[in-house]
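Numbering-wise (the numbering used here), the sequence shown opens with residue 56 and increments by one.
Remarks on the structure that follows.
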Amino acid sequence: MANAEREERPERPGESDGTAHLFRALGRQIKVLRERAGLSQKELGLAAHCGEDLISAMERGVRTPQVDFLDRADDLLGAGGVLRAAIPDAQEARNKARTRHPEWYRSYAKLEAEAAQLYVYNNQSVPGLLQTEAYARALFTQWRPLLSEDTIEKRVADRLDRQAIFAPWPSPTFHFILDESVLMRPIGGRDVHREQLRKLLHIGRLRTVEIQLMPLDRTEQPSLDGPFTLVTPKGRQQVAYLEIHTYPRLITAMEEVRVLAVRYGIIQSAALTPQESLTLIEKMLGER
C-alpha cells in the first residue's frame, strides 16, 4: 500500500447498508444511561467485562455493540429492557455489515478472527490488539504521508473493533512478546503512555493472555528484523504474517512458518516470565 489515502476505506458499523444512524442512536442511549447511572466509561467497562476504549467507541457509534454487552448493560445501567430491545436489530445489522478492513489486510484479518492461538512479537510498537484508543490515534496521527481526520478515526475504530477477539468464551489463547524499548517510548505523551501501560497490565492478567518482555540488557536478540505474528486458525495449520511499512505478507509455506516459530521460541526463552513482565510494567508505572 504505497499511499494509505488511496486504500478502500472500510465502513463504520452499518455504513454500507445505511444503518449507521442505528448505531449512533444506540451509542447516544448508552452514554445517557451511563451518565444517569453515575458511571465513568472505565467503570462501565470494568462492570461489563470490556475495555474503556470499547465503551467510548460504542458511544460514538463507531463500534457495533455486542449482544452480550447490550444484555449486561441493560441491567448495569437500569435501562429497563431498552437496550435488550435493540438486540435483534443490532444483530441483524452486524450480520449484514461488510468487512471493515482494506483489501490488503483482509486475508490476515479473517484468520485472526478465526484464531485458536495467536503469538505476536513486536519490537517497534504496542501490537494493535493491545492498544488503547489514544495510543492508536497517536500512531495514526503521526503517520506519513499525513492521513485525513476521517481516515484516522476510521483506522482507530477498526483497530479497536479487532479487540473483540478477547471477549468470547471459550477464547483463543494469546501470547505476546514485546521488546522493553517499546514500553519506554512515550507515544502520544505521558498520559497516553501511562494509560497504555495500565491496559497492558489489565489484559496481561486475563487467564487467556500471556505477555512477556524482552529486556534491554539481553546480549543476544534473535529477531531484530521486525515484528511478526503466528496464527493457528481453528482446525488448520499455523501460518505467519509480516507487515513492513504497510506492505503485508501472509506466509503459508510450512518451512518458512517453522523458521519463524523456532525464532519465536528462542525469543520467548530469553524473555522475562509473564509475572516478571507484569512486575516490570508496574515498576514503570511507579506501582512497585
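Yeah, the Cβ is synthetic: ideal placement off N, Cα and C, and Gly gets one too.
Cβ-Cβ distance between residue i and residue j below 7 Å
i: L10; j: A112; result: This structure cannot speak to residue 10, because the chain is shown only from 56 to 343.
i: P227; j: Q267; result: no
i: R318; j: P277; result: yes
i: T287; j: A168; result: no
i: I336; j: L252; result: yes
i: A316; j: L285; result: yes
i: F229; j: V264; result: yes
i: A102; j: L131; result: yes
Buried or exposed (CB count within 10 angstroms, at least 16 for buried), residue i
i: E188; result: buried
i: D234; result: buried
i: A140; result: exposed
i: G290; result: exposed
i: H248; result: buried
i: P120; result: buried
i: S332; result: buried
i: K254; result: buried
i: I173; result: Looking at the sequence itself, residue 173 is Leu, so the reference to Ile does not match. Looking at its Cβ environment, which holds 16 or more other Cβ atoms inside 10 Å, L173 is buried.
i: G341; result: exposed
i: Q218; result: buried
i: R91; result: exposed
i: Q186; result: buried
Between the CA atoms of residue j and residue i - distance to the nearest angstrom
i: D144; j: V137; result: 12 Å
i: F283; j: T274; result: 21 Å
i: S220; j: A134; result: It is Ile, not Ser, that sits at residue 220 in the sequence shown. Their backbone Cα atoms lie some 26 Å apart in a straight line.
i: T301; j: R199; result: 11 Å
i: R240; j: I232; result: 16 Å
i: D129; j: A308; result: 47 Å
i: V294; j: G116; result: 34 Å
i: L77; j: E311; result: 45 Å
i: Q292; j: L166; result: 11 Å
Cβ shell of residue i (< 6 Å), same chain only, five flanking positions each side left out
i: R245; result: none
i: G106; result: G100
i: N178; result: D234
i: L297; result: F283, R304
i: G259; result: I266, L333
Residues near residue i by beta carbon distance below 7 Å, same chain, minus five either side
i: L271; result: E235, S236
i: R118; result: P68, L109, A112, A212, L215, D216
i: I299; result: G281
i: G33; result: Absent from the structure is residue 33, since the part of the chain shown begins at 56 and ends at 343.
i: S162; result: L305
Residues near residue i by beta carbon distance below 8 Å, same chain, minus five either side
i: L279; result: N178
i: R343; result: T334, E337
Residue i CB to nearest heavy atom of the ligand NAD below 6 Å
i: A112; result: No copy of the ligand NAD appears in this structure; indeed no ligand is present at all.
> So, do the region 313 to 326 and the region 198 to 216 have three or more beta carbon pairs nearer to each other than 8 Å?
Replying inline: As far as the Cβ criterion goes, the region 313 to 326 does not touch the region 198 to 216, which means the pair count is below three.
>> Would the region 77 to 95 count as touching the region 184 to 193 if we require 3 or more Cβ pairs under 8 Å?
In response: Flag = no, the region 77 to 95 and the region 184 to 193 do not touch.
> Do the region 77 to 91 and the region 118 to 136 meet, that is, are 3 or more Cβ pairs less than 8 Å apart?
Replying inline: Segments in contact, yes.
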